[in-house]
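Residue numbers (my numbering): 5 to 296.
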């Protein structure tokens with residue numbers, strides 16, 4: 005499977021999983037952001053992890069798509085006026101600009117619960133025990149101790165001169181706000197493939213480092229990229245006084261930290277024989293975009 009093969013498969017399944025029903029405006033809002041063109045990194049990493057560990061990717065498709073739905077929820081909420089107040093996402097008007105703030109908020113809420121429903125309803129080839137493990141991962145990484153917790157600390161740190169231990173706070177924000185969703189994707193792919201404890205630990209470490217590298221790259225690109233490349237408003241992190249790798253360490257040191265996490269990813273792949281051309285292509289594209 006190539007990246008494009010995965011994207012085509014994921015897009016097809018996402019379209020199938022979200023049907024427009026009553027109340028139509030809610031489901032249209034949910035589907036709008038979920039089906040916007042995107043890199044589909046998280047579901048790809050879920051499916052590819054499952055594949056390289058000997059699993060059947062068909063068994064992982066509901067979980068992979070559920071993770072993309074959850075990710076779309078974070079994008080909808082992140083763009084709201086009460087959060088980052090962004091009018092564009094992936095080059096298109098943000099959800100709240102199309103459907104209004106109230107429906108956008110509620111469609112994000114709906115996706116939060118719709119995603120695990122997809123896992124439970126369509127994972128017919130998985131045992132009850134495996135489904136329970138996958139759902140436990142979903143709730144662990146997506147909730148108050150995971151992505152949402154990271155988002156709250158991110159908001160609390162904006163334009164806040166009283167933040168102490170900024171390095172630790174920054175690490176917390178990006179570990180949870182960004183890395184946790186990559187951990188969820190790769191860990192569930194590994195669990196569906198029946199990975200042992202050692203491999204699951206290695207996959208988690210890879211995902212953690214990949215997620216941090218991804219976030220550092222995003223921080224860097226917010227400084228050096230263009231709207232056409234990113235599909236969203238740039239420079240908002242600096243404008244809103246966000247705590248980022250660039251704001252704390254500067255552009256060049258941020259690039260060094262990015263390279264360090266990328267090296268760790270390759271070290272884990274080599275040590276554990278996690279051979280994947282898909283992983284390599286994704287990582288190399290990140291390196292190219294950052295300009296390392």
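Glycine included, C-beta positions come from ideal geometry on N, C-alpha and C.
Got a sec, what are the start and stop residues for the alpha helix (DSSP H) residue 44 sits in?
Along the chain shown, read from residue 1 onward, the residue named residue 44 stands at position 40. Per DSSP, residue 44 belongs to no alpha helix (DSSP H) and is neither H nor E.
In whole angstroms, what separates the C-alpha of residue 59 from that of residue 168?
Working through the chain shown from its first residue, we reach residue 59 at position 55. Working through the chain shown from its first residue, we reach residue 168 at position 164. Between residue 59 and residue 168, the C-alpha separation is close to 45 Å.
At 3 residues or longer, what runs of the beta strand (DSSP E) sit wholly inside the stretch 140-226?
none
Can you tell which of 28, 73, 122 and 47 has its C-alpha closest to the C-alpha of residue 282?
Residue numbering aside, residue 282 sits at position 278 when the chain shown is read from its first letter. Closest option to residue 282, Cα to Cα, is 47.
For residue 97, which of helix, strand or coil comes out of DSSP?
For the purposes of this step, residue 97 is taken as residue 93 along the chain shown, with counting starting at 1. Residue 97 falls in the strand class under three-state DSSP.
Pop quiz: residue 130 and residue 63 are said to be a contact at Cβ under 8 Å. What is the actual Cβ separation, rounded to whole angstroms?
As a working note, residue 130 is residue 126 in the chain shown. As a working note, residue 63 is residue 59 in the chain shown. Residue 130 to residue 63, Cβ: 6 Å. Contact.
Are the Cβ atoms of residue 220 and residue 265 separated by less than 8 Å?
On the chain shown, residue 220 is found 216 positions in, with the first residue counted as 1. On the chain shown, residue 265 is found 261 positions in, with the first residue counted as 1. Yes, Cβ-Cβ distance for residue 220 and residue 265 is below 8 Å.
Is the CB-CB distance between residue 76 and residue 38 below 8 Å?
Here the question's residue 76 lines up with position 72 in the chain shown. Here the question's residue 38 lines up with position 34 in the chain shown. Against a cut-off of 8 Å, the Cβ pair of residue 38 and residue 76 comes out as a contact.
Nearest-angstrom Cα separation, counted from residue 42 out to residue 87:
The residue labelled residue 87 in the question sits at position 83 within the chain shown. The residue labelled residue 42 in the question sits at position 38 within the chain shown. Residue 87 and residue 42: Cα-Cα distance of roughly 22 Å.
Along the alpha helix (DSSP H) that carries residue 23, what are the first and last residues, could you check?
To locate residue 23, count along the chain shown from 1; it is residue 19. It is not in any alpha helix (DSSP H) - residue 23 carries neither H nor E in the DSSP assignment.
heavy atom of the ligand ZN below 7 Å from residue 186 C-beta:
With respect to small molecules bound, the structure shown includes none, and the ligand ZN cannot be examined in it.
Go ahead and label residue 104 buried or exposed: buried means 16 or more other beta carbons lie within 10 angstroms of its beta carbon, across all protein chains shown.
Taking the chain shown and counting its residues from 1, the one referred to as residue 104 is at position 100. With fewer than 16 other Cβ atoms within 10 Å, it is exposed.
Can you tell me which of 100, 262, 271 and 70 puts its alpha carbon nearest to the alpha carbon of residue 33?
Residue mapping note: residue 33 aligns to position 29 of the chain shown, counting from 1. Considering only alpha carbons, the answer is 100.
For residue 280 and residue 289, what's the separation of their Cα atoms in angstroms?
On the chain shown, position 276 is the one that residue 280 refers to. On the chain shown, position 285 is the one that residue 289 refers to. One C-alpha to the other measures close to 14 Å.
Which residues bound the alpha helix (DSSP H) around residue 288?
As a first step, residue 288 is located in the chain shown; it is residue number 284 there, counting from the start. Per DSSP, residue 288 belongs to the alpha helix (DSSP H) from 281-294.
Contact check, residue 127 vs residue 188 under 8 Å by CB: the rounded distance?
Looking up residue 127 in the chain shown gives position 123. Looking up residue 188 in the chain shown gives position 184. The pair is not a contact, with the Cβ atoms about 15 Å apart (cut-off 8 Å).
Ignore the nearest five residues each way along the sequence and tell me which others in residue 299's own chain have a CB closer than 6 Å to its CB.
The requested residue 299 is not part of the displayed model; the chain covers only 5 to 296.
Tell me the rounded alpha-carbon separation between residue 204 and residue 67.
The count along the chain shown starts at 1 and reaches residue 204 at position 200. The count along the chain shown starts at 1 and reaches residue 67 at position 63. Those two C-alpha atoms are separated by around 17 Å.
Under 6 Å Cβ to Cβ from residue 217, same chain only, skipping five residues before and after it: list those, please.
In the chain shown, counting from the first residue as 1, residue 217 sits at position 213. Closer than 6 Å at the Cβ level, and outside the excluded window around residue 217, lie 262, 265 and 266.
Kindly confirm or deny that the stretch 142-157 and the stretch 15-27 touch, where touching means at least three C-beta pairs closer than 8 Å.
no
Go ahead and label residue 148 buried or exposed: buried means 16 or more other beta carbons lie within 10 angstroms of its beta carbon, across all protein chains shown.
If you number the chain shown from 1, residue 148 lands on position 144. Flag for residue 148 reads exposed.
From this set, 181, 93, 81 and 276, which residue's C-alpha is nearest residue 199's C-alpha?
Walking along the chain shown from the start, residue 199 turns up at place 195. Nearest C-alpha to residue 199: 276.
Bridge partners of residue 92, per DSSP?
Taking the first residue of the chain shown as 1, we reach residue 92 at position 88. The partner list for residue 92 (beta bridge, DSSP) reads 97.
Would you mind reading off the limits of the alpha helix (DSSP H) that contains residue 260?
Translated into positions along the chain shown, residue 260 becomes position 256. Element bounds for residue 260: 255-275.
Between the alpha carbons of residue 51 and residue 165, how many angstroms are there, rounded?
Taking the chain shown and counting its residues from 1, one reaches residue 51 at position 47. Taking the chain shown and counting its residues from 1, one reaches residue 165 at position 161. In a straight line, the C-alpha of residue 51 is about 42 Å away from that of residue 165.
Suppose the cutoff is 7 Å on Cβ atoms and the five residues either side in sequence are ignored; what does the same chain contact list for residue 133 look like?
Position 129 of the chain shown, counting from 1, holds the residue named residue 133. None.
Can you have a look at residue 106 and say buried or exposed, based on whether 16 or more other CB atoms are within 10 angstroms of its CB?
For the purposes of this step, residue 106 is taken as residue 102 along the chain shown, with counting starting at 1. It is exposed - the Cβ of residue 106 has fewer than 16 other Cβ atoms within 10 Å.
DSSP-derived helix/strand/coil call for residue 77:
Locating residue 77 in the chain shown gives position 73, where the first residue counts as 1. Reduced to three states, the DSSP call for residue 77 is helix.
Under 8 Å between the Cβ atoms of residue 161 and residue 173?
In the chain shown, the residue the question calls residue 161 occupies position 157. In the chain shown, the residue the question calls residue 173 occupies position 169. Annotated as proximal: residue 161 and residue 173, with beta-carbon spacing under 8 Å.
By the DSSP assignment, the alpha helix (DSSP H) with residue 120 in it spans what residues?
Counted from its first residue, the chain shown places residue 120 at position 116. From DSSP, the alpha helix (DSSP H) with residue 120 extends over 105-126.
Taking the alpha carbon of residue 209 as the point to measure from, which residue in 271, 195 and 69 has its own alpha carbon closest?
Here residue 209 refers to the residue found at position 205 when the chain shown is read from its first residue. Ranking the options by Cα distance to residue 209, first place goes to 271.
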